[in-house]
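Here is the structure we will look at.
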Amino acid sequence: MSAEGIRSRQFSCLRKILERAGPVCHPDFEPSAEILNFISNDCKVLVIGAGGLGCELLKNLGLMGFRDIHVIDMDTIDLSNLNRQFLFRRKDIGKPKAEVAAEFINKRISGCNVKPHFCKIQDFDEDFYRQFSIVICGLDSIIARRWINAMLVSLLVYEEDILDQTSLIPLIDGGTEGFKGNARIILPGMTACIECTLDLFPPQVTYPLCTIASTPRLPEHCIEYVKLLQWPKENPFECSIDGDDPSHIGWIYEKSLERAACFSIRGVTYRLVQGVVKNIIPAVASTNAVIAATCVTEAFKLASSCCSTLNNYMVFNNVDGVYTYTYEAEKKDDCFVCSPFFRVKYMDLPHDGMKLNEFIEFLSGLQYQMKNPGIVAAFAERNRTLYMSGVPSIEEMTRDNLKKSLKELNIINGTKLIVTDVTRPTPLEIVIRFSEINN
Amino acid sequence: MDSNSPKSPEQSEKTKKYDRQLRLWGDHGQFALETAHVCLINATGLGTEILKSIILPGIGSFTVIDGGKVREDDISVNFFLDENDIGKSKAEAVTRFLLELNPDVHGDFIDESLQRIIENNPSFFNSFNVVVGTALSELEIILLSSKLWELKVPLLICRSYGFIGMARLQIKEHTIVESHPDNQNTSYRLLNPFPELKTYLESFDLDSLELKDLAHVPFVVILYKYLQEYRKLFGRIPKTYKEKETLRDLIRKGMKKDENGLPSAEENFEEAIKAVNYVLTSDEVPKEIVKLLTDDNCVNLTTKSTSFWIMANALKYFVEKEGYLPVRGVLPDMTAETKHYVKLQQIYRSQALRDSESVYRRVQQLLQQLNQSADSISEADVKEFCKFSHDLRIVRSSCISHEYLEKPFNSSYIVSNLDDPDSSMEYYVILRSIERFYSEYKEYPGNLDDHVEPDIVKLKACVSKLLSEIGSNSIIKDDLIHEFCRYGGVELHSVSSFLGGCIAQEVIKLLTHQFIPINNTIIYNAVSSDIVTFCL
Ligand SMILES: [Zn+2]
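Protein chains in written order, with full-length UniProt numbering: chain E, 1 to 439; chain G, 1 to 536.
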């Protein structure tokens, strides 16, 4: 039996959907055998993450006719993955997720060719990402999501200020937490991107330090106290906390119990300590299945044009019955990532008396959520690094600038700043505008 | 305690493996899963996706029933089959691959048709905690639904059809203590505080406190004080928006001024202002609970009454006596000094204990009257029941087979939904008509390429007949019927996988008695990527 023969029968279900016309199909849909050929042979898909969502994504893609698939994941398999990451077995613990997942899929689904990459997404450049037709993200890291989002935007080509559609690589993004999840489609440069809707990712809940230090009430406050204050002071193992080391968790558990006892606070358990220290997000197989399925259905629609795609955001929750809600997340015209490169990006600041460290805090705040921005001022004569925390020697040289005001640093209305951050692969160029100038 | 040798509890392999889900349903939920036996009828792509998501979290055991052999078509939609399985028993083949998912799970299969099993062994399904049927024929649905209704075994029937999916729950009665609402109800009892709380609340003299101490007083103390002041002024509690606003103003005026004469923005005062609306209603018995406490099964206990209803009856007695549900005993975090917060927590906790003891005593009396053993309901059970008494739930569905009879009991509901052009009820009608079609022609409409056109006419006839049985004058668009014929009965894997995840979670809800199951039918539309629920 020829390989060709096996394939044509294998996808008889897809053929009905793709080769038959119907009155309610999408107007652009022209049924033909070519569509399945395209999906199987020409539509190269990148899956980012081979965890809970990633395993499902790979399986779904393989069974929806996609065969040229790459997967990137920098993690290795842990025992606590096995309750949902179904391509992994006990014997695989410690091995790279991407490699084990790819091998499993290639074996189970004949003809499917998944290529694994056991590394970080940041290890690849534009040329690597440019080869894909669709990118699907199943990550728990917001920074990585923002990075790949910005990367795909940076691949856009504009001809005389018009977006060249062939340079556009759709990004499908899924996320889950317990029984809740969401899925969305991003057409970079055309629809809302991750950065346009940053407010959907509220920063992690943190407890005020004064509560932790002086008025603890919850068991979490006691654990945070040990984690943030007692550990650095006593340095019991002469290293930083490793959430996977039971002796570390054990120590924090003991100390948290002691502190809780001092304040008559109940409820410190080993499980809670683990959860707080490792910032564990609950996860079940079922929600991952739902969200990954939504992502791949949308990938199938994009690749085949057989029906209209999700526009453009879906939330899911099945604690009480089963609930979905879809809506159109709005693109921001002045988005610092996806508004076209020729559009000048302004940043409005209250006044030039603002100190550089206040400015960095502002960049790290709710609106921009940067992590450790490095700032270079583009003066007419030459560029000058104002602050950069990443390189110790530069950090030392520029540390004094933090206390200076922007005015003292010669930043005036219209000064261009170049900001680098882990949330983006390319620097951000912004033009500063002050609402008020101090004379 | 020797701080150099941590005595942290040793975690078992299993606890580590299931850590991420134990945080959602706890060890007791996990125990319920691990002792359950689930049956799947028909090893379709959808069927194995459902099993996958209950095997991974560690269901006790499963049984697959399928009398069919693996065909080439099956392989492309089912991850738990491969080329080498063609021609073999489908039930056997999927069971082998499914068992690889989790060594803690037992699984077996029966290579026989459903109809034969029901005929040969009528009590076969008695041993299952939940039965899931996929791609069943009309006759099988009727047989299975009436059998399981009689056996009181929960049944989920579901179908994945082109871009459309459907699931239906049949359950006589399902009771839930831990419904896990997004917002847990906390009754503060500020309108009518129990003695210990009253003494504590009145022990504060806010006016004499210095600014820094005042900032550490829990908001409940502040709210109570101004509520008392409001009552003194107006002789009643605030009800309308305007009255509540007046109370909020009183609280605002109570904020101390700082050295510049500006009201200090104290978080506890802000919390008190925000809580006005909630605290004024949180002591009421929620409507759902009032309904539950007047339910026949609650009022008229018999020797066969379940623990849930015996506890509900005792709760009813408590509410009639006290006028309130038991205090929850769990206090959300609030701005406060540790000693105030801990003290307040203790006060609510002690009252919660007293309340649940009182309910427990009543439960003991009832057990005696009902000739049930005294230890059939533990004190811990009653404590949990009281703790969650604001959010208890019951789900009762209809019997599916009743709906397939000549004059469906719920036809008016279906008719009125069909009248709404945007309702997804038409999908329900078409899927039912397809079951008819299959019974009549032994294949799905549009199965063969050159049958699509003629099958549209035949399916239309099935739809019209069903509509007239239901008593609906609505017309289902030809285009939609055409679309279903275009699908030709195919299953799309990603549609099945979506639905499989949803249904697996419904099974877990039924087994753990946590979270709230669907009541009772969902239609999933993968084109618009939304889900609609109907209560048939
Ligand atoms: Zn954007």
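For each residue, glycine too, the CB sits at the ideal point set by N, CA and C.
Contacts around residue i, its chain only, beta-carbon distance under 6 Å, and the 5 residues preceding and following it disregarded
{"i": "Val221(G)", "result": "Leu201, Phe204"}
{"i": "Val130(G)", "result": "Val38, Pro154, Val507, Leu510"}
{"i": "Phe300(E)", "result": "Met64"}
{"i": "Gly68(G)", "result": "Lys90"}
{"i": "Val419(E)", "result": "Pro373, Ile375, Leu428"}
{"i": "Leu46(E)", "result": "His70, Phe132, Val135"}
{"i": "Arg20(E)", "result": "Pro31"}
{"i": "Ser389(E)", "result": "Asn372, Glu395"}
Classification of residue i by the beta-carbon crowding that lies within 10 angstroms, buried from 16 upward
{"i": "Gly5(E)", "result": "Residue placement at Gly5(E) is poorly supported in this model, since its pLDDT is 45, which falls under 50; the coordinates still yield a value, given next. Its Cβ having fewer than 16 others within 10 Å, Gly5(E) is exposed."}
{"i": "Pro208(E)", "result": "exposed"}
{"i": "Gln131(E)", "result": "exposed"}
{"i": "Thr44(G)", "result": "buried"}
{"i": "Gly414(E)", "result": "exposed"}
{"i": "Glu13(G)", "result": "exposed"}
{"i": "Val132(G)", "result": "buried"}
{"i": "Val382(G)", "result": "buried"}
{"i": "Gly49(E)", "result": "buried"}
{"i": "residue 448(E)", "result": "There is simply no residue 448(E) to check, as chain E begins at 1 and stops at 439 in what is shown."}
{"i": "Ala292(E)", "result": "buried"}
{"i": "Tyr278(G)", "result": "exposed"}
{"i": "Asn312(E)", "result": "buried"}
{"i": "Tyr325(E)", "result": "exposed"}
{"i": "Ser376(G)", "result": "exposed"}
Element boundaries [alpha helix (DSSP H), containing residue i]
{"i": "Glu379(G)", "result": "379-387"}
{"i": "Arg145(E)", "result": "142-154"}
{"i": "Lys255(E)", "result": "246-262"}
{"i": "Cys13(E)", "result": "12-19"}
{"i": "Arg20(G)", "result": "19-34"}
{"i": "Ser393(E)", "result": "392-398"}
Chain G within 9 Å of residue i, Cβ atoms only
{"i": "Arg145(E)", "result": "no"}
{"i": "Ala283(E)", "result": "yes"}
{"i": "Arg9(E)", "result": "At Arg9(E), the pLDDT of 44 sits below 50, so the modelled position is not reliable; the number obtained from the coordinates is stated separately. Closer than 9 Å: yes."}
{"i": "Tyr225(E)", "result": "no"}
{"i": "Ile437(E)", "result": "no"}
{"i": "Lys59(E)", "result": "yes"}
{"i": "Lys95(E)", "result": "no"}
{"i": "Glu42(E)", "result": "The residue you asked about is not Glu; residue 42(E) is Asp in the sequence shown. No, its Cβ sits nowhere closer than 9 Å to a Cβ of chain G."}
{"i": "Gln204(E)", "result": "no"}
{"i": "Asp173(E)", "result": "no"}
Closer than 8 Å: residue i CB and nearest ligand 2 heavy atom
{"i": "Lys227(E)", "result": "Among the ligands present in this structure, namely ligand 1, ligand 2 is not found."}
Within-9 Å CB hit, residue i to chain E
{"i": "Ala275(G)", "result": "no"}
{"i": "Asp182(G)", "result": "yes"}
{"i": "Met166(G)", "result": "no"}
{"i": "Tyr413(G)", "result": "no"}
{"i": "Tyr200(G)", "result": "no"}
{"i": "Arg486(G)", "result": "yes"}
{"i": "Ser3(G)", "result": "For Ser3(G), the predicted model reports a pLDDT of 43, less than 50, meaning its position is unreliable; a value from the coordinates is still stated below. Ser3(G) counts as touching chain E."}
{"i": "Thr533(G)", "result": "yes"}
{"i": "Tyr404(G)", "result": "no"}
{"i": "Thr175(G)", "result": "no"}
{"i": "Arg231(G)", "result": "no"}
Cutoff 8 Å; reference residue i; Cβ partners in own chain excluding five residues on either side
{"i": "Ser146(G)", "result": "Cys399, Ser401"}
{"i": "Gln170(G)", "result": "Ser145, Leu148, Trp149, Pro154, Leu155, Leu156, Ile157, Ser397, Ser398, Cys399, Ile400, Asn520"}
{"i": "Arg236(G)", "result": "none"}
{"i": "Pro188(E)", "result": "Asn149, Leu152, Val153, Leu155, Leu156, Leu168, Ile169, Pro170, Leu171, Cys338"}
{"i": "Gln368(G)", "result": "Ala374"}
Spatial neighbours of residue i in its chain, beta-carbon cut-off 7 Å, leaving aside the 5 residues before and after
{"i": "Tyr487(G)", "result": "Tyr161, Gly162, Gly446"}
{"i": "Val226(E)", "result": "Ile252, Lys255, Ser256, Arg259"}
{"i": "Ala312(G)", "result": "Leu292, Leu293, Cys298"}
{"i": "Lys278(E)", "result": "Gly243"}
First and last residue of the uninterrupted beta strand (DSSP E) at residue i
{"i": "Asn113(E)", "result": "113-117"}
{"i": "Ser435(E)", "result": "428-436"}
{"i": "Asp68(E)", "result": "68-72"}
Checklist entry - Within the structure, which residues are defined as neighbours of ligand 1 by a Cβ-heavy atom distance below 5 Å, reported in chain order? => result Ordered along the chain, the selected set is Cys193(E), Glu195(E), Cys196(E), Cys335(E), Val337(E), Cys338(E).
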